[in-house]
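**Q** Dropping a structure here in structure tokens format, bear with me for questions.
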Amino acid sequence: MIVWEKPEFEKAVFEQESPIAVPVELTVYEGKDGRRPIRLLTFSKAAPICRDFEARFSHDPLSREAVDFLISSLKPLMEPFGYDETDTADYPLLDYRPGDGGVREADPARAALISTLDGEKWDGDLPLGEFSLDPADPADRMAVIRDGEGTIVCYAGLNDISEDEGFCELNTECAEAYRGRGFGPACVALLTEYLTGLGERVQYLTSHLNAPSVRCAEKAGLALTARVFPIVFRKSGEDDADFFDFT
């Protein structure tokens, strides 16, 4: 299935206003009957490439040959606009969701929900200074675990900008000294339980290379529903750090 990207995103790329470009995002769903449906989110200019990809690689869309085809076909489209570096190292991303047969090993009772960080203290390994919570928004919550002195040593929270509109995208982090104790899965399980109780849709994205994060999702009872492979192009020599600063 081919889906069009928002025109304003495509316009920003081809007018060279964005430091990165994702002309195609390939999603391969985990079908229950052994089939693996695919979704191609694409710029209109890349539509012929996507149609060719569907015809040739639907049987094995994440093979090296298939990914190389997308990259090599998109390069002539992107390079004239300055997007001359391709980033594929961390992909595919694994997309986990609740309520699809996942077996929860984590105990959410170990964690607590908070609606504000005012008055809280946290371990120096955690980037909680970058977060803000809105107590008036019932969906804007964080699940945390504190040590014996009341310091937050693990949390699960929400990304401000989700890759999939309409979903609450979870992220989690645990202070180094407290990893391996099941704290991350407990926080993810509690926040997932709370948000789904509000009727929110929950998503947990992680790189296939991040084994601890994958284990966290699985222990929290989330089930793998899709593999997402954005074909990311960057402008060489351009710092895109500010582009990803959502604080």
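Residues in the sequence shown are numbered from 7 upward in steps of one, following the working numbering. Just so you know, even glycine gets a beta-carbon here, dropped at the ideal spot from N, CA and C.
(1) Let's see if you can read the secondary structure: which residues bound the beta strand (DSSP E) around Thr212?
(2) Quick check on Trp10: buried or exposed, where buried means 16 or more other Cβ atoms within 10 Å of its Cβ?
(3) With a threshold of 8 Å between beta-carbons, can Ile151 be considered close to chain B, or not?
(4) Please list, in chain order, all residues of the same chain as Thr122 whose beta carbon is under 8 Å from its beta carbon, the five residues on each side excluded.
(5) If you draw a straight line from the C-alpha of Arg116 to the C-alpha of Val194, how long is it?
(6) When you compare the stretch 212 to 222 with the stretch 16 to 36, are there three or more beta-carbon pairs, one atom per stretch, that lie closer than 8 Å?
(7) My guess is that Val28 and Pro236 are in contact by the Cβ rule of under 8 Å, so how many angstroms apart are they, rounded?
(8) Using only alpha-carbon positions, find the residue among Phe87, Lys12, Arg187 that is nearest to Ser242.
(9) Checking 8 Å against the spacing of the C-beta atoms, do His214 and Pro43 come in under that value?
(10) Among Glu36, Glu31, Gly186, which one has its Cα closest to the Cα of Ala53?
(11) On the three-state DSSP scale, how would you describe Lys12?
(12) Indicate the three-state DSSP secondary structure (helix, strand or coil) for Ala137 in the structure shown.
(13) Taking the straight line between their C-alpha atoms, what separation do you get for Pro114 and Ala192?
**A** Well, looking at it:
(1) 208 to 213
(2) exposed
(3) Given the protein chain composition of this structure (a single chain), no chain B is represented.
(4) Leu139, Pro141
(5) 11 Å
(6) no
(7) 5 Å
(8) For the residues Phe87, Lys12, Arg187, the minimum Cα distance to Ser242 belongs to Phe87.
(9) no
(10) Glu31
(11) coil
(12) In the sequence as displayed, the identity of residue 137 is Phe instead of Ala. If DSSP states are grouped into helix, strand and coil, Phe137 belongs with coil.
(13) So the alpha carbons of these two residues sit roughly 5 Å apart.
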